[in-house]
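Novice: Once you've had a glance at the structure underneath, I'll fire off some questions.
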Amino acid sequence: MSFLSILALLISTTIIYSAPLAFTAVGGAFSEHGGVVNVGLEGIMTMGAFSSIVFNLTFADQFGSLTPWIGLLVGALIGLAIAWVHALATVTLRADHIVSGTVINLIAPALGVFLIKVIYGKGQTNQINESFGYSDIPLLDKIPILGKLFFQNTSYPALLSIVVSILASYVIYKTRFGLRLRSVGENPQAADTLGLNVARLRYQGVLISGFLGGIGGALYAESIALNFANSTIAGQGFIAMAAMIYGRWNPIGAMLASMFFGLSQSLSVIGTQIPVIKNIPAVWLQIFPYVLTIIVLTLFFGKTKAPKEDGINYIKSE
Amino acid sequence: MQSRNNKTIIAICSVVFGLIAGAIIMLFFGYNPFSGYGSLISTAFGTPQNIGEIFSQMTPLILTGLSFLIAQQAGFFNIGMSGQLFGAWVGSVWFALTFPHLPDFLIIIGATTFGVVIGAISGFIPGYLRARFGASEVIITIMMNYVILYLGNDAITAVFPNSIKQTVDSSNQVGNHGGIGLKWLSDLTNQSSISAGIFIALITTLLIWFVMKKTTLGFSIDAVGKNADAAKYAGINEKATQIWAMTLSGALSGLGGVTEGLGHYGNVFVQNSTPETGFNGMAVALLGSGSFIGVILAAALFSALTVGGAGMPNISGVPTELVAIVIALIIFFVGTGYLIDLMIEKIKSADQASSNKGKGPGAGKQQQKKISKKEQKELEA
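Chains as they are written, first to last, in the UniProt record's numbering: chain A, 1 to 318; chain B, 1 to 381.
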């Protein structure tokens, strides 16, 4: 294989593996800027994956190649519903954020498999026929070299994740909604005094994270896993959370960090085809991103400040 | 803060609510909840073997429950129990299989120590990183779960010599050389996987209770967890205490892994994800709401549900996963204890109102209305 085609292969798999993480990590940023820690991203992704696969299997005949896209939307709506439970528990019922998130993570795979057994009578679904494949982006793929590297054999939802992260960054840092959201995450008392509805804004932040996390899970299911079983989503939600922190709660940073994790995931998948890398024992490639995350988090913690009141319930005084 | 009394009521209410919610789910999907729970109970307590199985599953749950409890008392959220347990599990089985010629008691002591040390180190790392650098232990422990998962699996497949392996991805049985099975117990329970692990877990609970309630270390951990700054000004070395607490927490999860390796399974095998037992320990500690007896009772409840749940599909057609859903819902209700707190208050005030009734006609009723409105407002806020 020539150097260029190896690079092209590496880039396209990286983008495809990173997109689900990017959607979810960007979602997590919304939740945490509003002051609600969302460890439940893993469970939200699981339910997004579950619902999109069920939808895809049921309606593939009616919608044809549009099915995976509608599947994303279905995953997003289910993610929204799960996130609503998290918001209800944390904002309204004052539950510990990590406890509520962990409950979501515990319940999601069990509920998914329970429903799969109820619907299909077996523990895992069939493979879907309508998945997100590889496609060339018209016009852009004709650019010499760059076209081959970035716009051939790539996927539309993966490019969409980049657009969404840029948009999300704009929303959080440049719009009135973003300013208000950040203010309830930084100093809810002050925001409340100025007449902002702290609870409503926190709900909105969490719901956005559910919407995007649902898309992330659905995208993973429909582009990589292609079916749903107990371990379809195995840790992607946690990695997305790490990516968000890595990216310093900035959506664009979260997306770039997701790319890094996507790269290391794709290396352990296609590493055997790449010279030098194929000589490294697989286990080192597998643990590399996690070890690096630990090191980076430890050394650069001073610069990665979470929103001030992140994870702390705001109880309005009488 | 909530009183111990209220916490107990919250725990009991949560279990009841969780079971009711499970029944509603069964009804909704066309199963009969009575036959569902009936089959659960008859499976769990139907045969001596399954009763033995309940004790066997309880063992690591008690230990990981304690592990979470200790970390929580010091203000840490240890999600890494799963990895700490797996690392120790691999380590203890490796030790037992590698030194089969030592006297049996030395194998057990050596394997246990080796496993517990692996667990302790994997607890020490996030403890140290947070105390020294302020890195979030939640993220570090999650990341470490993956690191330990891959290293452990690699150890089993690539490092374990073929002579101690049964298949490519599982080890030989430890058997009599290092195993902690007890003949009279397995005979009593028709050869279930029960082992001396349950006694180890109960004795450890007693020890940890003693450490936490009667020693300086326990007092320091509690003080640091409640208010690290205050503890520091009172002369407690808060960083060292935090690190000790996480190391102890890791060691306890590690001990849970040792009982899995030498007792419950008797060997070790490649995992798809870090063992769920580690995460369920958190559920046990949360339901146990900070009490040692609570941890044991919660572990017993969850194991009985799990063992019984395995029999549900055959007898009543309900998928086993229902049990995991019920357990998660129970924790949800514990976590949103505020809701149950409100209800307790409401019942109390209603009692007061009705006892006031004698003093003046209608007065009690009015008071009751006022309170419920106020509480509704609180709920909405």
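Even for Gly, the Cβ is constructed at its ideal location relative to N, Cα and C.
Following the continuous alpha helix (DSSP H) through T102(A), name the residue where it begins and the one where it ends.
Specialist: Translated into the one-based positions of the first sequence, residue 102(A) becomes position 102. T102(A) -> alpha helix (DSSP H) spans 97–120.
Novice: Can you give me, in chain order, the residues of the stretch 257–278 of chain B that have a beta carbon less than 8 Å from any beta carbon in chain A?
Specialist: Hits within the stretch, in order: N272, S273.
Novice: Since F238(A) meets chain B, which of its residues come closer than 7 Å, beta carbon to beta carbon?
Specialist: The residue given as residue 238(A) occupies position 238 in the first sequence. Within 7 Å Cβ-Cβ: I142.
Novice: For T8(B), name the three-state secondary structure that DSSP assigns.
Specialist: Indexing the second sequence from 1 puts residue 8(B) at position 8. T8(B) falls in the helix class under three-state DSSP.
Novice: Can you tell me whether DSSP reads S39(B) as helix, strand or coil?
Specialist: Mapped onto the second sequence, residue 39(B) falls at position 39. Reduced to three states, the DSSP call for S39(B) is helix.
Novice: Thinking just about the alpha-carbon of each residue, which of V93(B), Y31(B), G30(B) is nearest to the one in F269(B)?
Specialist: As a working note, residue 269(B) is residue 269 in the second sequence. The option with the nearest alpha carbon to F269(B) is V93(B).
Novice: CA-CA distance, I20(B) and L149(B)?
Specialist: Here residue 20(B) is taken as the residue at index 20 of the second sequence, counted from 1. Here residue 149(B) is taken as the residue at index 149 of the second sequence, counted from 1. Spanning the two alpha carbons is a distance of roughly 36 Å.
Novice: Mind checking whether A201(B) and L63(B) have CB atoms under 8 Å apart?
Specialist: Against the second sequence, residue 201(B) aligns to sequence position 201. Against the second sequence, residue 63(B) aligns to sequence position 63. Yes, Cβ-Cβ distance for A201(B) and L63(B) is below 8 Å.
Novice: Would you identify the three-state DSSP class for residue 382(B), choosing helix, strand or coil?
Specialist: Residue 382(B) lies beyond the range of chain B shown here (1 to 381); nothing can be said about it.
Novice: I'd like the span of the alpha helix (DSSP H) that includes L106(B), first residue to last.
Specialist: Walking along the second sequence from the start, residue 106(B) turns up at place 106. Where L106(B) is concerned, the enclosing alpha helix (DSSP H) stretches over 104–133.
Novice: Can you give the Cα-Cα distance for I6(A) and L226(A), rounded to whole angstroms?
Specialist: Along the first sequence, one-based indexing puts residue 6(A) at 6. Along the first sequence, one-based indexing puts residue 226(A) at 226. The straight-line gap from Cα to Cα measures roughly 25 Å.
Novice: Suppose contacts are defined by Cβ-Cβ distances below 8 Å. Is F228(A) in contact with F50(A) by that definition?
Specialist: Numbered from 1 along the first sequence, position 228 holds the residue referred to as residue 228(A). Numbered from 1 along the first sequence, position 50 holds the residue referred to as residue 50(A). Yes, they are a contact pair.
Novice: Distance check for A251(B) and G308(B), CA to CA, integer angstroms please.
Specialist: As a position in the second sequence, residue 308(B) is number 308, starting the count at 1. As a position in the second sequence, residue 251(B) is number 251, starting the count at 1. Distance between the alpha carbons of G308(B) and A251(B): 30 Å.
Novice: Does the distance from the C-beta atom of T336(B) to that of L93(A) stay below 8 Å?
Specialist: As a first step, residue 336(B) must be located in the second sequence, where it is residue number 336. As a first step, residue 93(A) must be located in the first sequence, where it is residue number 93. In contact: T336(B) and L93(A) (Cβ atoms closer than 8 Å).
Novice: Quick check on T298(A) - is its C-beta less than 8 Å from some C-beta in chain B?
Specialist: The count along the first sequence starts at 1 and reaches residue 298(A) at position 298. So, interface residue.
Novice: Distance cutoff 8 Å, beta carbons only. Does G225(B) sit that close to anything in chain A?
Specialist: Start at 1 with the first residue of the second sequence, and residue 225(B) comes out as number 225. Chain A contact via Cβ: absent.
Novice: Using a Cβ-Cβ cutoff of 9 Å, what residues of the stretch 183–206 of chain B are near chain A? List them in chain order.
Specialist: So nothing in the stretch comes that close.
Novice: Looking only at its chain, what residues have a beta carbon closer than 7 Å to the beta carbon of P126(B), apart from the 5 residues adjacent to it on each side?
Specialist: As a position in the second sequence, residue 126(B) is number 126, starting the count at 1. So the qualifying residues of the chain are G80, E137, I140, T141, M144, M246.
Novice: Along the chain, where does the alpha helix (DSSP H) that runs through F302(B) open and close?
Specialist: As a position in the second sequence, residue 302(B) is number 302, starting the count at 1. Element bounds for F302(B): 292–309.
Novice: For the alpha helix (DSSP H) that contains S231(A), what are its first and last residues?
Specialist: If you number the first sequence from 1, residue 231(A) lands on position 231. Neither: S231(A) is in no alpha helix (DSSP H) and is coded neither H nor E.
Novice: Measuring straight from C-alpha to C-alpha, what distance separates A243(A) and G40(A)?
Specialist: Counted from its first residue, the first sequence places residue 243(A) at position 243. Counted from its first residue, the first sequence places residue 40(A) at position 40. Looking at the two C-alpha atoms, the distance is approximately 15 Å.
Novice: When the Cα of G214(A) is compared with those of I11(A), T24(A), T14(A), A19(A), which residue comes out closest?
Specialist: Mapped onto the first sequence, residue 214(A) falls at position 214. Measuring from the Cα of G214(A), the nearest candidate turns out to be T24(A).
Novice: Beta-carbon within less than 8 Å of Q271(B)'s beta-carbon, same chain only, minus the 5 sequence neighbours each way: which residues are those?
Specialist: The residue labelled residue 271(B) in the question sits at position 271 within the second sequence. Contacts found: F86, L149, G152, N153.
Novice: According to DSSP, residue 321(A) sits in a beta bridge with which residue or residues?
Specialist: For chain A, the structure presents residues 1 to 318; residue 321(A) sits outside this window and is missing.
Novice: I'd like to check one pair, I180(B) with G263(B): are the Cβ atoms closer than 8 Å?
Specialist: Locating residue 263(B) in the second sequence gives position 263, counting from the first residue. Locating residue 180(B) in the second sequence gives position 180, counting from the first residue. Yes, the pair counts as a contact, with Cβ atoms nearer than the cut-off.
Novice: 8 Å is my cut-off, CB to CB: does D96(A) come that close to chain B?
Specialist: As a first step, residue 96(A) must be located in the first sequence, where it is residue number 96. True, the Cβ-Cβ gap to chain B drops below 8 Å.
Novice: For chain C, find out if any of its Cβ atoms is closer than 8 Å to the Cβ of F114(A); answer yes or no.
Specialist: Judged by its chain identifiers, the structure shown contains no chain C, and its protein chains are A and B.
Novice: Would the beta-carbon of I109(B) fall within 8 Å of that of A96(B)?
Specialist: Taking the first residue of the second sequence as position 1, residue 109(B) is located at position 109. Taking the first residue of the second sequence as position 1, residue 96(B) is located at position 96. Not a contact, by the Cβ cut-off of 8 Å.
Novice: Answer yes if the stretch 79–95 of chain A comes into contact with the stretch 31–46 of chain A, meaning at least three C-beta pairs across the two stretches below 8 Å, and no otherwise.
Specialist: Enough Cβ pairs lie closer than 8 Å, so yes.
Novice: May I have the straight-line CA-CA distance separating V323(B) from G123(A), to the nearest angstrom?
Specialist: In the second sequence, the residue the question calls residue 323(B) occupies position 323. In the first sequence, the residue the question calls residue 123(A) occupies position 123. Going by the C-alpha atoms only, they are around 15 Å apart.
Novice: Going straight from the alpha carbon of T90(A) to that of L149(A), what length do you get?
Specialist: Taking the first residue of the first sequence as 1, we reach residue 90(A) at position 90. Taking the first residue of the first sequence as 1, we reach residue 149(A) at position 149. Answer to the nearest angstrom: the Cα atoms are 44 Å apart.
Novice: Between the C-alpha atoms of L77(A) and F211(A), what's the straight-line distance to the nearest angstrom?
Specialist: The residue labelled residue 77(A) in the question sits at position 77 within the first sequence. The residue labelled residue 211(A) in the question sits at position 211 within the first sequence. For L77(A) and F211(A), the distance between alpha carbons rounds to 6 Å.
Novice: By alpha-carbon positions, which one of I121(B), P100(B), G30(B), T189(B) ends up nearest to I54(B)?
Specialist: Your numbering for residue 54(B) matches position 54 in the second sequence. Per the Cα distances, T189(B).
Novice: Considering only the alpha carbon of each residue, which of V16(B), Y338(B), Y37(B), F45(B) lies closest to M312(B)?
Specialist: The sequence position of residue 312(B) within the second sequence is 312, counting from 1. Checked all of V16(B), Y338(B), Y37(B), F45(B); the closest Cα to M312(B) is Y37(B).
Novice: What does a CB cutoff of less than 6 Å around V54(A) pick up in its chain, not counting 5 residues either side in sequence?
Specialist: Taking the first sequence and counting its residues from 1, the one referred to as residue 54(A) is at position 54. The answer is none, since no qualifying residue turns up.
Novice: P319(B) versus chain A: which residues are under 8 Å apart at the beta carbon?
Specialist: As a first step, residue 319(B) must be located in the second sequence, where it is residue number 319. Within chain A, the residues near P319(B) are V113, F114, K117, V118.
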